[in-house]
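Notes follow the structure.
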Amino acid sequence: MLSDENYVLEESRKKVFSKSEDLKPIKSGQIRQNIIWKYVLHLLLFHVGFVFACSVYAFGLSAVRIKWLTVLWVPMYYFIGELGVAAGAHRLWSHRAYKANLGLRIALMLMYAAAGLYCIFHWVKDHRIHHKYSETDADPHNAKRGFFFSHIGWLMVERHPEYLRRQKELDLSDIIADPVVMFNKKYENELYIMFCFVIPTAVPVIFWGETLLHAILTQCFIRYVLILNAIWSVNSFAHLWGHRPYNRVINPAENSIVSLVSGGEGSHNYHHTFPWDYKASEWPYMRFNVTTLCIDAFSKMMWAYDLREASPAFVQQVMEEIGDKYNESSLIH
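Using my numbering, the letters of the sequence shown map in sequence onto residues 283 to 615.
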């Protein structure tokens, strides 16, 4: 069970020191995955809106000048959503890398809703399958199927039969037992609309008199599309490009550009090698790892506790045994 620290440690060591079945392709044959057109149209709509919104500001098409507070509100709310995904859905609920009190769990759940993704329950399920069967047909965003599929294409098609088979093997009892996660699942649509669109759009209009048009363009299109692509970049860029100093036999790589846009989630070779580490990186405050900085702050305030991490000695042991010492790039290191 993922909440059992000893189990996680031993299973992770098996992955590190042996080419287990999790690293081997699953032979499931050529299977057609039907396109889900409503999702295609949904994603297309927001990306077209993003291009339009950027054009409005790039070419000065608006008759009313946008306020600076509205411009600053974009990265602020972007960070709120990013923290909900990285510190909440990812490091807390998917990997149980630390524990959080009720107040922090509620806050992270609401921040996650601000990112505009599907419910935490399904995100955790997808992510646990992704780690257990990475780069196989069971992996929902298998990077071996190319950049487009791993970045956004996987959201446009029905799930692979191998994924549907393997999901039945998952133990999600810890997630089901968390009332915060189940509340998020029950009110998924309401939380999505309220925290991803209504609140961030209303704040500039109510508090500093921004026009509704500027509020909609900056929050519903620019900020939303930017955060979506930042989150997706972990599945695509960080699985395709970068170096692998911790484990050269897996696809996930170290990518500083991904870390920059995702709040510190780009040390992906480290993370897939030591998934129980709450820092998701060997270097807690380097490479733009603001998520770790926030978790440490939560810990000092007694909101987060039982923070787990890989020991430096074990990290060094793994690097010497299976790390790639000869494949480094200044661009992505």
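Positions of the beta carbon are idealized from the N, C-alpha and C atoms, including for glycine.
If the five residues before and after Leu351 are omitted, its C-beta is found closer than 6 angstroms to the C-beta atoms of Trp490, all from its own chain and listed in chain order. DSSP places Ala512 inside the alpha helix (DSSP H), whose first and last residues are Tyr506 to Asn517. Unbroken beta strand (DSSP E) runs of no fewer than 3 residues, entirely contained in the segment 364–418, are not found. Short of 7 angstroms from the beta carbon of Arg590, and not among the five residues preceding or following it, lie these beta carbons of its own chain, in chain order: Glu287, Ala379, Tyr380, Trp558, Asp559 and Tyr560. Boundaries of the alpha helix (DSSP H) harbouring Asn471: Glu470 to Ile475, taken from the DSSP string. A Cβ-Cβ contact shorter than 8 angstroms links Asn537 with Phe519. Residue environment: Arg314 is assigned as exposed (fewer than 16 neighbouring CB atoms within 10 Å of its CB, all protein chains considered). Under the three-state reduction of DSSP output, Ala586 falls in the strand class. Checking the DSSP bridge columns, you'll see Val439 partnered with Ile317. Phe570 and Gly546 have their C-alpha atoms spaced approximately 5 angstroms apart.
Excluding its 5 nearest sequence neighbours in each direction, Ala368 has C-beta neighbours in its own chain below 6 angstroms: Gly545, Glu547 and Thr573, listed in chain order.
Take the alpha-carbon of Leu326 and the one of Ser581: they are about 40 angstroms apart. Under the criterion of beta carbons closer than 8 angstroms, Gly366 and Tyr339 do not qualify as touching, at roughly 27 angstroms. In terms of Cα proximity to Ala420, the closest of Phe429, Ile434, Gln598 and Glu451 is Glu451. By alpha-carbon distance to Ala389, the top candidate from Val406, His404 and Ile362 is Ile362.
Residue state for Glu564 is assigned as coil, using DSSP reduced to three classes. The beta carbons of Ile604 and Val531 sit about 6 angstroms from each other, so the pair counts as a contact at 8 angstroms.
Rounded to whole angstroms, Gln449 and Arg441 show a C-alpha spacing of 11 angstroms.
Look at Glu492 here: in three-state DSSP terms it is coil, with no helix or strand label. Separation of Gly524 and Ala535 (C-alpha to C-alpha, rounded to the nearest whole angstrom) is 5 angstroms.
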